Amino acid sequence: MRFTSQGLRDSTAFPAILETLAGLVGHDPFIYGAPIFTAMALLLFVGATGKSAQIPLYVWLPDAMEGPTPVSALIHAATMVTAGVYMVARMSAIYQLAPIAMDVVAVVGALTAIFAATMAVAQTDIKKVLAYSTISQLGYMFLALGVGAFAAGIFHLMTHAFFKALLFLGAGSVIHSLSGEQDIRKMGGLWNTIPTTSRPFFIGTLAIAGIPPLSGFFSKDEILGHAFNRAAMLDRYLFLWVVGLLTAGLTAFYMFRLLFETFYGMSRIPVEAESHIHESPKTMTVPLTVLAFFSIVSGWLALPVLWGEESPFERFLEPSLRGVETETGKIAFAHHGILVEIALMGASVACAGLGLWLAYKLYLENPRLHTKLSASWPRLHNLLLHKYYVDEIYDALFVNRIKDLSTALGWFDGQIIDGLGVDGAGWLTRVFSRISMWWDKWIVDGLVNFVGWFPKFLSMPVRMFQTGVFSTYAVFILIGLAILLGYYGHHVQAVMRALH
Numbered sequence: 003m004r005f006t007s008q009g010l011r012d013s014t015a016f017p018a019i020l021e022t023l024a025g026l027v028g029h030d031p032f033i034y035g036a037p038i039f040t041a042m043a044l045l046l047f048v049g050a051t052g053k054s055a056q057i058p059l060y061v062w063l064p065d066a067m068e069g070p071t072p073v074s075a076l077i078h079a080a081t082m083v084t085a086g087v088y089m090v091a092r093m094s095a096i097y098q099l100a101p102i103a104m105d106v107v108a109v110v111g112a113l114t115a116i117f118a119a120t121m122a123v124a125q126t127d128i129k130k131v132l133a134y135s136t137i138s139q140l141g142y143m144f145l146a147l148g149v150g151a152f153a154a155g156i157f158h159l160m161t162h163a164f165f166k167a168l169l170f171l172g173a174g175s176v177i178h179s180l181s182g183e184q185d186i187r188k189m190g191g192l193w194n195t196i197p198t199t200s201r202p203f204f205i206g207t208l209a210i211a212g213i214p215p216l217s218g219f220f221s222k223d224e225i226l227g228h229a230f231n232r233a234a235m236l237d238r239y240l241f242l243w244v245v246g247l248l249t250a251g252l253t254a255f256y257m258f259r260l261l262f263e264t265f266y267g268m269s270r271i272p273v274e275a276e277s278h279i280h281e282s283p284k285t286m287t288v289p290l291t292v293l294a295f296f297s298i299v300s301g302w303l304a305l306p307v308l309w310g311e312e313s314p315f316e317r318f319l320e321p322s323l324r325g326v327e328t329e330t331g332k333i334a335f336a337h338h339g340i341l342v343e344i345a346l347m348g349a350s351v352a353c354a355g356l357g358l359w360l361a362y363k364l365y366l367e368n369p370r371l372h373t374k375l376s377a378s379w380p381r382l383h384n385l386l387l388h389k390y391y392v393d394e395i396y397d398a399l400f401v402n403r404i405k406d407l408s409t410a411l412g413w414f415d416g417q418i419i420d421g422l423g424v425d426g427a428g429w430l431t432r433v434f435s436r437i438s439m440w441w442d443k444w445i446v447d448g449l450v451n452f453v454g455w456f457p458k459f460l461s462m463p464v465r466m467f468q469t470g471v472f473s474t475y476a477v478f479i480l481i482g483l484a485i486l487l488g489y490y491g492h493h494v495q496a497v498m499r500a501l502h
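And the structure:
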């Protein structure tokens, strides 16, 4: 295609990417839905899935929440895990040109939202409930991005940062007050005992449950409204709106369950810990008050009724989320009358109210009722309590298999590498060293000795005469002279006889 030769690699700056995409669309009107953009968007989303804990790469986040609560509040609830959401929103220009990828983002987000919400329903650790709540809210954000409501997704990212940080720091304050206790089954009756913690925690619970007029209501309602309006345009997003609505009810249920179990009802705190209950210091409670304030008012920034047709928050994000202006790639939403909008808002509030009411009935008005329900549905309760056994499935499929591979590699290392390799090399070295020693002693040294012995053997006759004694040399000279004289005398006589 034409855009492959021009390329998107000229610059990694977002304005340059937008400019390049606009130029490509201008040259090729059929670029909308091109496979290369779908592949790019899906591959980016795989990274976002792991970073922002979406199905199936979410299991790390609840374990990471076991760290200190300030870390959980800042990094895991407000900044780090939302980086995937930010990345997809920032690359909205590419996603607008890849409708299949957007459908995948929306479906994964919706499924993660309700999947994590059902797991939060049965958790008993105060931080685990908030951990699965974070996964669920991240799914909400991806649902917004998938239906094209990029500003709504970032808006919920912002409001979620306030009330989730509040809830995590509030949980940390509760844990501090109870000397490290995190099991909500061992809490209760703390509303007036630690009031500076309980009141902001209550505000955070209202916000995340989507109760008006707190911030969570505005951001969640905007996401659900865009999902419904997008469904009216394309006839394929309605089930996502239904899932989002059910998730809103579940969120209110498990958060008010957490609130009632922790701060209301009869105290279930062990006797040895009850005498040590104390309010947290101001260094812990003042941030709760500040976050509670922003959990109330931050949602009003995106209320169009107050600011006209477009909220200041949307205008602020417009330069980053404007995308590529094409007729095919532009995200369009259906516009309904005020009665439909009020009905959608009422459905959202009704679901949240239903969740609140159920939590009140099961955990405050009649605490034994939820125990009876758990006993009546033991398999379902255990399924939710053990988080659908996903961790066990991962252990069976991946962790234990990696351990088996490590064991096999350990045997290979011990028996093959060490046995045949290292030990075998050592044995061969010893064998060859013995052969080398024999060769050196009998062949090399033998030849050297022979070379030394042979000249010695040849020199033996000479050495008989080389005694170093003068008298012996004199005798040899005389004998030699006598032999010489005798030899020449014999020849002289022979010559004389010949002459005569």
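So in the numbering used here the end of the sequence shown lands on 502, straight run, no missing numbers. Backbone N, C-alpha and C define an ideal beta-carbon position, used for all residues, glycine too. The structure displayed is predicted, hence computed values, not measured ones.
Within 10 angstroms of the beta-carbon of D223 lie 16 or more other beta-carbons, which makes it buried. Cα atoms of G491 and V450: separation of roughly 49 Å, rounded to the nearest angstrom. In the DSSP assignment, D185 forms a beta bridge with D127. Note that the C-beta distance between F295 and A304 is not below 8 Å. Only exposed fits T469, as fewer than 16 other CB atoms lie within 10 angstroms of its CB. Annotation for K363: L371 place their beta carbon closer than 8 Å to its own, counting only its chain and skipping 5 residues before and after. By a beta-carbon distance limit of 8 Å, L242 contacts V149. Their separation comes to about 7 Å.
P58 carries a coil assignment under DSSP once its states are collapsed to helix, strand and coil. Taking all protein chains shown into account, E263 has 16 or more neighbouring C-beta atoms within 10 Å of its C-beta and is therefore buried. Between the region 208-226 and the region 173-184 there are fewer than three C-beta pairs closer than 8 Å, too few to call the two in contact. Under the three-state reduction of DSSP, Q139 is assigned to helix. For L168, the enclosing alpha helix (DSSP H) starts and ends at F152 to S179. CA-CA distance, Y88 to T253, rounds to 23 Å.
Every unbroken stretch of the alpha helix (DSSP H) spanning 4 or more residues and falling wholly within the region 379-463 is given here in chain order: 380-387, 392-396, 402-413, 426-440 and 447-460. Here the alpha carbons of E274 and R238 stand approximately 57 Å from one another.
Annotation: the continuous alpha helix (DSSP H) that includes G227 extends over S217 to L236. Nearest C-alpha to F255 among T120, I404 and A146: T120. Of the residues A234, I156, L387 and R432, the one whose Cα lies closest to the Cα of V342 is A234. Residue V176 holds the alpha-carbon nearest to the alpha-carbon of T71 among V176, L422, P272 and G454. In this chain, the alpha helix (DSSP H) harbouring R259 covers L240 to F265. Of the residues I210, S322 and K284, the one whose Cα lies closest to the Cα of M93 is S322. Between S217 and F164, the beta carbon gap of about 6 Å places them in contact (Cβ cut-off 8 Å). Three or more pairs of CB atoms, one per stretch, sit closer than 8 Å, so the region 137-144 contacts the region 103-121. The straight-line gap separating the alpha-carbon atoms of W440 and F456 is approximately 22 Å. Burial is judged here by how many other beta carbons sit within 10 angstroms of a residue's own beta carbon; F414 has fewer than 16 and is exposed.
For the pair R432 and G448, the Cα-to-Cα distance works out to about 22 Å. Judged by pairs of C-beta atoms under 8 Å, the region 274-290 touches the region 198-215, as three or more such pairs exist. It is roughly 23 Å from the alpha-carbon of W359 to the alpha-carbon of K130. According to the DSSP assignment, S200 belongs to the alpha helix (DSSP H) that extends over P197 to A211. Around the beta carbon of A173, a 10 Å sphere encloses 16 or more other beta carbons of the protein chains shown; the residue is thus reported as buried.
DSSP places A79 within a helical segment (H, G or I) once states are collapsed to three.
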